[in-house]
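**Student:**
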Amino acid sequence: MKSSDRKAHPHPKEVIMGVLSQSDFVSGEVLAKQLGMTRPAVWKYITQLKDEGFSIESLQGRGYRLKAVPDILYPDLIRQEINTSHFGQAIFHFLRTDSTNIQARSLAADGALEGTLLVAEYQEKGKGRLNRLWQSPSGKNLLFSLILRPDWPPQQAFYGTVLTSVSLCKAIQEVTGIEVGIKWPNDIYAGEKKLAGILTEFTTDPDRIEYMIVGIGINCNWAPPKPPSEGQPATSLLKETGHKISRLRLLTRFLKQAETLYEKANIEGVDLLREEWNRYSLVNNRRVTISNNQKIWTGIGQGIDDLGALILRLDNGREEKFLAGDVHLRF
87 MKSSDRKAHP HPKEVIMGVL SQSDFVSGEV LAKQLGMTRP AVWKYITQLK DEGFSIESLQ
147 GRGYRLKAVP DILYPDLIRQ EINTSHFGQA IFHFLRTDST NIQARSLAAD GALEGTLLVA
207 EYQEKGKGRL NRLWQSPSGK NLLFSLILRP DWPPQQAFYG TVLTSVSLCK AIQEVTGIEV
267 GIKWPNDIYA GEKKLAGILT EFTTDPDRIE YMIVGIGINC NWAPPKPPSE GQPATSLLKE
327 TGHKISRLRL LTRFLKQAET LYEKANIEGV DLLREEWNRY SLVNNRRVTI SNNQKIWTGI
387 GQGIDDLGAL ILRLDNGREE KFLAGDVHLR F
């Protein structure tokens, strides 16, 4: 595993927010000394935090007090909630970026540690599988990427998606109580509608994976628009539960679930991940249509093989395996 001296240096606003969140009133002088800047510079950042939705009380002679925070996934907030040993211990936060996967690839190529987390409030070039555009309003959903460095051969790269999808299902059910499942290869469904998607990208050496990026987008606190007539219907946790959910809690629970399952798989083997995937699969023992290269097959889903290929038992009794394709379920 590579190491790196490249770290996520906290922005002064994140430092201020972190200090205020753990104290009552804090003087401008104390903040200025901690940040190595002047008190007017501290006041400038306090003003910016207020503009971003933080409720900060200012009292002459006592300093500043944090009264309420907006739903922004600042690293210090994540660190206060997280309970992992290395997933999410290095965090990069973006109010706006092209794509967390794009940023993660650059960091990973520079040697960023396994478990490095990149989270964005808005992405300009978010995409899903097959380069399909994935758009999301700012600050409403969970948009993040995680860097992994598994000691797996390249042919087992699909297990990054398996790990992520199972961990998402576990975290969503833990936080919201709603039943969700996995539609092969990379979608999370609630009922008959898509709730979340995963984009896994990786770079390999001849005999092993050098690094892997798992990018996740979860519809949380918005109402997705209706798709075109032949588009994929979508839903959100807001629509499914009837109330807003804590993006912070869902993110930190995912990281804990993913780290626990990842470490277990590294000890017991990746077959464990396939067994977990089968518990949440929406294609197993269900009539499935899959399209690939303008061809269409229909049959009964039989799960995935040891390389992540979808096994389909066709109507003539023959089994076919698919490493790629669009799956359509009959609910």
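Sequential numbering from 87 applies to the sequence shown in the numbering used here. Built from N, CA and C at the ideal position, the CB exists for glycine as well. Being a predicted model, the structure only gives us computed values, none of them experimental.
Who are the near neighbours of residue 289 in its chain, counting only those whose CB is closer than 7 Å to its CB and skipping five residues on each side?
**Tutor:** Here the question's residue 289 lines up with position 203 in the sequence shown. Within the same chain, residue 289 has close Cβ partners 296 and 297.
**Student:** In chain order, what residues of the same chain have a beta carbon less than 6 Å from the beta carbon of residue 300, not counting five sequence neighbours either side?
**Tutor:** Residue 300 sits at position 214 when you count from the first residue of the sequence shown. Only 232, 246, 250 and 286 meet the Cβ criterion.
**Student:** Look at residue 175 and residue 197 and say whether their C-beta atoms are less than 8 Å apart.
**Tutor:** For the purposes of this step, residue 175 is identified with residue 89 of the sequence shown, where counting begins at 1. For the purposes of this step, residue 197 is identified with residue 111 of the sequence shown, where counting begins at 1. No, these two residues do not count as a Cβ contact at 8 Å.
**Student:** To the nearest angstrom, how far is it from the Cα of residue 100 to the Cα of residue 161?
**Tutor:** The residue labelled residue 100 in the question sits at position 14 within the sequence shown. The residue labelled residue 161 in the question sits at position 75 within the sequence shown. Each residue's Cα considered, the two are about 7 Å apart.
**Student:** Give the secondary structure of residue 279 by DSSP, where H, G and I count as helix, E and B as strand, and everything else as coil.
**Tutor:** Here residue 279 refers to the residue found at position 193 of the sequence shown. Strand.
**Student:** Can you tell me which of 390, 262 and 128 puts its alpha carbon nearest to the alpha carbon of residue 370?
**Tutor:** Taking the first residue of the sequence shown as 1, we reach residue 370 at position 284. Ranking 390, 262 and 128 by Cα distance to residue 370 puts 390 first.
**Student:** Would you grab the beta carbon distance between residue 132 and residue 142 for me? Rounded to a whole angstrom, and I think it's under 8 Å.
**Tutor:** In the sequence shown, counting from the first residue as 1, residue 132 sits at position 46. In the sequence shown, counting from the first residue as 1, residue 142 sits at position 56. Yes, residue 132 and residue 142 are in contact; Cβ-Cβ is about 6 Å, under 8 Å.
**Student:** Looking only at its own chain, which residues have a Cβ that is under 7 Å from the Cβ of residue 358, when we skip the five neighbours before and after it?
**Tutor:** Here residue 358 refers to the residue found at position 272 of the sequence shown. These residues qualify, in order along the chain: 350 and 351.
**Student:** Helix, strand or coil: how does DSSP classify residue 442 here?
**Tutor:** Because the chain spans 87 through 417 in this model, residue 442 falls outside it and cannot be assessed.
**Student:** My understanding is that residue 302 touches residue 284, with C-beta atoms under 8 Å, so please give their C-beta distance in whole angstroms.
**Tutor:** Taking the first residue of the sequence shown as 1, we reach residue 302 at position 216. Taking the first residue of the sequence shown as 1, we reach residue 284 at position 198. At roughly 6 Å, the Cβ-Cβ gap stays under 8 Å, so residue 302 and residue 284 are in contact.
**Student:** With distances taken from CA atoms, which of 228, 130 and 271 is nearest residue 367?
**Tutor:** Here the question's residue 367 lines up with position 281 in the sequence shown. Of the candidates 228, 130 and 271, the one whose C-alpha sits nearest the C-alpha of residue 367 is 271.
**Student:** Which term fits residue 438, buried or exposed, when burial requires 16 or more other beta carbons within 10 angstroms of its beta carbon?
**Tutor:** Residue 438 lies beyond the stretch modelled for the chain, which goes from 87 to 417, so this question has no answer here.
**Student:** Who are the near neighbours of residue 92 in its chain, counting only those whose CB is closer than 8 Å to its CB and skipping five residues on each side?
**Tutor:** For the purposes of this step, residue 92 is taken as residue 6 along the sequence shown, with counting starting at 1. The pLDDT assigned to residue 92 is 42, lower than 50, so where the model puts this residue is not dependable; a value taken from the coordinates is nonetheless given after this. Here the set comprises 193, 196, 197 and 198.
**Student:** Pairs of beta-carbons, one from the region 330–350 and one from the region 266–280, closer than 8 Å: are there three or more?
**Tutor:** Counting Cβ pairs under 8 Å, fewer than three are found: no touch.
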